[in-house]
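Quick mapping for you: the protein sequence lines, in order, are chains S and X. Counting along the first sequence from 1, when you hit position 180 you're at 179 in numbering that gives the first Met the number 0, and nothing is skipped either side. Counting along the second sequence from 1, when you hit position 218 you're at 217 in numbering that gives the first Met the number 0, and nothing is skipped either side. Step one of this worksheet: look at the structure below.
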Amino acid sequence: MTTVAVKPATMAQALTRALRDAMAADPAVHVMGEDVGTLGGVFRVTDGLAKEFGEDRCTDTPLAEAGILGTAVGMAMYGLRPVVEMQFDAFAYPAFEQLVSHVARMRNRTRGAMPLPITVRVPYGGGIGGVEHHSDSSEAYYMATPGLHVVTPATVADAYGLLRAAIASDDPVVFLEPKRLYWSKDAWNPEEPQTVEPIGRAVVRRRGRSATLITYGPSVPVCLEAAEAARAEGWDLEVVDLRSLVPFDDETVTASVRRTGRAVVVHEAGGFGGPGGEIAARVTERCFHHLEAPVLRVAGFDVPYPPPMLERHHLPGVDRILDAVGRLQWEAES
Amino acid sequence: MTVMEQRGAYRPTPPPAWQPRTDPAPLLPDARPHRVLGTEAAAGADPALLRRLYAELVRGRRYNAQATALTRQGRLAVYPSSTGQEACEIAAALALQERDWLFPSYRDTLAAVARGVDPVEALTLLRGDWHTGYDPYEHRVAPLCTPLATQLPHAVGLAHAARLKGDDVVALALVGDGGTSEGDFHEALNFAAVWQAPVVFLVQNNGFAISVPLDRQTAAPSLAHKAVGYGMPGRLVDGNDALAVHEVLGEALAHARAGGGPTLVEAVTYRIDAHTNADDATRYRDDDEVEAWRAHDPIALVERELTARGLLDEDAIRAVREDAEAMAADLRERMNQDPALDPMDLFTHVYAEPTPQLAEQCDQLRAELDAEAEAEAEGAGR
Ligand SMILES: Cc1ncc(C[n+]2csc(CCOP(=O)(O)OP(=O)(O)O)c2C)c(N)n1
């Protein structure tokens, strides 16, 4: 007797499945963007949707990001649930005014009368050898804009569960998809009943006692790898995957750092003015008396995203993370 | 094979056939702005419509004057008056059906009020109270929009959504001449035309964007001509002729309703007042120019038509003015009452549910307010 192994699915496929299930469950869900129809998107995340649901539900728009998001605002005003695809991180910038001036604050400025349930999917981050303008980590811009939720998955299961939650949310969600994890596979089983993950909850990906690595999106697998490597040094690292940058799960992060007494924040985005500064401050404010060392950050350099041939020097890697862990004042222990 | 022999083997053929994708001729605007009042065509105008336009224009001008007065009394933070442009404002509101949507810019308070928005609620934003004082769904009037031209893609998206749902709804979006230089103007018109969305764009060309005249905004033959580049009809209309604006908008709305797609209408008008109460228009324009436009006054045009046809006598004029005065008195009285704002409302509508971080900040503010109240009570007790 042979057991039929389930073909492992990629994160991109899980996202496709989430879109398809959301569209099947709710006729108000409309997917729109550049090349999302016939082509299925440059990363193929919308593959097959136009065929299955028709071009009115999965629409190739004119090439204009402000126009895409601006018309999505009008569609949401009329009761639809647009899911907008921005082709790449750096090409979402033309839509920034619509995002900041309307999407993020329409609920507030209309005293709750006009919520905008819009999901803005943005492939982000580096590590795929992308040439200029294809590898930005733009999350700090979105985090700094009240009214938006900012969510980013690191696992295939979360890609499904969080995207479903984003689309179901009555608030606008910027859904950041780590480009270099699109082709990653893990234990996600598309045949099993799927769960919708709540937005705003971090998860502990690896339990540990020595120090906490606080991270998200593309840096989660890197941190898990670093945690494995750290065992050789005698460190037992905990890895917290934030999943949601806004709202921020202070509870999970604080509980972890209070337990371990040490923390490093890891992300690809530049350190100066980046998410890590906010996270380090929050941790310090809440865990000061539990900390054995200052909260450190491992971030991208404060440079425009480097050319592909240099990006490995820029991206936080295992060694740089372990170096930071090594600087967490272990001497004091002995 | 030598290079020359290779060349010989290449037989050029003509490029694949090309033809214009649409005939541009029918899209072109008329040579001059369409007028009705003061022409023979006015004779056919419906007396009821003329009277309605007249009454609303008079109310509108009175509203502008009252709102500007309220800025001097510190009751309004700022007011961008539409005096001189009332014909556009009123005709826009009246041309719409009940079920349609209006997308006003920050100057279009009159259009919102003429469509039914409460006169005080329409000023909530400008008095420094909550940003949008009215429920947009009540009269299908989107929030007054300050970032220029950004409301235009919203109108397109809403109209598109309505059509997808099979609803008979048209959106009318208002924008100024300066706003036509913004990228969102371009993107909205392009999306509207590609999607054949039931939307009409009304540009009120009032000559200036704050201080900058139109010739610094565009080198286009007219703003209406821009329509041709998007593949939609452009219409030019005398923006001080309420009947003409009503007619042109009515046709454009009917065209959109019938599935004909969008239209760009340019109404040529003039901003009689300064940009806002805080602006000094003498720095950038001559009084002569203003006087020339005062002589082509939107209210006088309708009044003349009505009186010439014996549709308006002294009593009727007095009644209209009294009605406008009553509206102004009511506005004055209600605006002179201090609005009651709850500071805790700062946190209520940022998200459907406040984030844990906002809940903390909410607690902080509540504690501050409690301490303030306590200190006040102590002070009063002493
Ligand atoms: C995106 C944007 N840029 C600048 C401003 C500041 N601003 C407010 S009104 C205005 C002029 C607008 O001119 P126009 O579009 O012709 O409309 P009008 O004021 O004549 O009604 C400017 C520059 C703004 N509100 N939004």
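For every residue, glycine included, the Cβ atom is placed at its ideal position computed from N, Cα and C.
Next on the checklist: Tell me which residue opens and which closes the beta strand (DSSP E) that X/Gly249 is part of.
Outcome noted: Counting along the chain, X/Gly249 falls outside any beta strand (DSSP E), though it belongs to the alpha helix (DSSP H) covering Ala241 to Arg256.
Next on the checklist: Please report whether the beta-carbon of S/Gly233 lies at a distance below 9 Å from any beta-carbon of chain X.
Outcome noted: no
Next on the checklist: So, at 6 Å on beta carbons, what are the nonlocal neighbours of X/Arg139 in its own chain, with the 5 sequence-adjacent residues on each side left out?
Outcome noted: Trp100
Next on the checklist: Mapping the DSSP letters down to three states, classify X/Asn204 as helix, strand or coil.
Outcome noted: strand
Next on the checklist: Would you say S/Phe287 lies against chain X (beta-carbon separation less than 9 Å)?
Outcome noted: no
Checklist entry - Once you ignore the five residues that flank S/Gln97 on each side, which residues in its own chain have a CB closer than 6 Å to its CB? => result Ala65, Leu68 and Gly69
Item to check | Cβ-Cβ distance between S/Thr15 and S/Gly53 below 9 Å | outcome: no
Item to check | Supposed close pair S/Glu267, S/Ser218 - CB separation, criterion 8 Å | outcome: 6 Å
Checklist entry - How many whole angstroms separate the CB atoms of X/Cys87 and X/Ala266, which I take to be in contact at a CB cut-off of 8 Å? => result 5 Å
Checklist entry - Mind checking if S/Asp55 is an interface residue toward chain X, Cβ cutoff 9 Å exclusive? => result yes
Next on the checklist: So with CB distances below 7 Å, who are the chain X contacts of S/Tyr77?
Outcome noted: Leu157, Ala160 and Ala161
Checklist entry - According to a CB-to-CB cut-off of less than 9 Å, which residues of the segment 238–250 of chain S neighbour chain X? => result Val245, Pro246, Phe247, Asp248, Asp249 and Glu250
Checklist entry - My guess is that X/Val198 and X/Pro261 are in contact by the Cβ rule of under 8 Å, so how many angstroms apart are they, rounded? => result 5 Å
Checklist entry - Do we get a CB-CB distance below 9 Å when we pair S/Thr151 with the residues of chain X? => result no
Checklist entry - Is the Cβ of S/Leu18 closer than 9 Å to any Cβ of chain X? => result no
Checklist entry - Does the beta-carbon of S/His288 have 16 or more other beta-carbons within 10 angstroms, so that it is buried, or is it exposed? => result exposed
Next on the checklist: Taking 8 Å as the cut-off, is the beta-carbon of X/Val106 closer than that to any non-hydrogen atom of ligand 1?
Outcome noted: The sequence as given places Arg at residue 106 of chain X; Val does not occur at that position. At least one heavy atom of ligand 1 is nearer than 8 Å to the Cβ of X/Arg106, so yes.
Item to check | C-beta contact flag for S/Met10 and S/Val155 at 9 Å | outcome: yes
Checklist entry - Closest to S/Pro305 by CA distance: which of S/Val202, S/Asp135, S/Ala228 and S/Leu180 is it? => result S/Asp135
Item to check | Beta-carbon gap between S/Val282 and S/Thr251 smaller than 9 Å | outcome: no
Checklist entry - With 16 as the cutoff for other CB atoms within 10 Å, does X/Ala241 come out buried or exposed? => result buried
Next on the checklist: Contact criterion: CB-CB distance below 9 Å. Does X/Tyr350 meet it with respect to chain S?
Outcome noted: yes
Checklist entry - In whole angstroms, what is the alpha-carbon distance linking S/Ala210 and S/Leu290? => result 10 Å
Item to check | Near ligand 1: X/Phe207 beta-carbon under 8 Å from a heavy atom | outcome: yes
Next on the checklist: If you reduce the DSSP assignment to three classes, tell me which class S/Gly69 lands in.
Outcome noted: helix
Checklist entry - Name the chain X residues that come within less than 7 Å of S/Pro61, Cβ to Cβ? => result Asn189, Phe190 and Val193
Checklist entry - Any idea if S/Trp187 is buried or exposed, counting beta-carbon neighbours within 10 angstroms, 16 or more meaning buried? => result buried
Checklist entry - Taking X/Ala68 as the reference, which of X/Glu367, X/Ala379, X/Asn335 and X/Thr347 has the closest Cα? => result X/Asn335
Next on the checklist: Which residue marks the beginning of the alpha helix (DSSP H) containing X/Asp329, and which one marks its end?
Outcome noted: Glu313 to Met334
Next on the checklist: Quick check on DSSP: helix, strand or coil for S/Phe52?
Outcome noted: helix
Next on the checklist: Rounding to the nearest angstrom, what Cα-Cα distance links X/Leu213 and X/Leu122 in this structure?
Outcome noted: 28 Å
Checklist entry - Any idea what DSSP makes of S/Arg296, helix, strand or coil? => result strand
Item to check | Same chain only: Cβ atoms within 8 Å of S/Thr1, ignoring 5 sequence neighbours per side | outcome: Summary for S/Thr1: the model assigns pLDDT 46, below 50, so the residue's position carries little reliability; its value from the coordinates is reported in the next sentence. The answer is none, since no qualifying residue turns up.
Item to check | Contact belief for S/Met76 with X/Leu157 at Cβ below 8 Å, rounded distance in angstroms | outcome: 5 Å
Checklist entry - Do S/Ala238 and S/Arg200 have their C-beta atoms closer together than 9 Å? => result With the sequence shown as reference, residue 238 of chain S is identified as Val, and Ala is not the correct amino acid for it. For S/Val238 and S/Arg200, no; Cβs fall outside 9 Å.
Checklist entry - Within 10 angstroms of its Cβ, does S/Thr259 collect 16 or more other Cβ (buried), or is it exposed? => result buried
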